[in-house]
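Quick note, the sequence shown lines up with residues 2 to 84 if you use our numbering.
Ideal Cβ positions, reconstructed from N, Cα and C, are used throughout, including at glycine.
Please read the structure below before turning to the comments.
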Amino acid sequence: MMDSSSGVNAQGRKTMTCINCHKTFAGGGIFRMKQHLAGARGSIVSCGKVPPEVRHAISVTLKDIFEKKKEENLGQKIHLVDL
């Protein structure tokens, strides 16, 4: 998952290192690391060494986050229309 000793690179950006594949990420925060571990497609390289049960658990968590945000955004749009 994530190295507990996150650091700072030469440009002053916070970094995190995956303990499975040892890839280091500068910026993006914990959400980006979760995408890496879940194997999310897009702007992040998937971790090829994360255990399947970890990949699944994080994928479910990310899906829940997206669904919650989608509901919140839909609720705000409906609320604005009702005014």
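Inset, instruction - Count the C-beta pairs between the stretch 8 to 24 and the stretch 46 to 58 that are closer than 8 angstroms, then say yes if the count reaches three, no if not. - result: With a cut-off of 8 angstroms, the stretch 46 to 58 and the stretch 8 to 24 count as touching, because enough Cβ pairs lie within range.
Inset, instruction - Measure the beta-carbon distance from residue 63 to residue 39 and round it to whole angstroms, keeping in mind my assumption that it falls under 8 angstroms. - result: The Cβ separation is near 5 angstroms, so the contact holds.
Legend entry - Distance between residue 74 and residue 34 (C-alpha atoms, nearest Å): 24 angstroms
Inset, instruction - Can you grab the Cα-Cα spacing for the pair residue 16 / residue 31, in whole Å? - result: 10 angstroms
Legend entry - Ordered list of beta strand (DSSP E) runs contained in the stretch 2 to 63, each at least 3 residues: 15 to 18, 25 to 27
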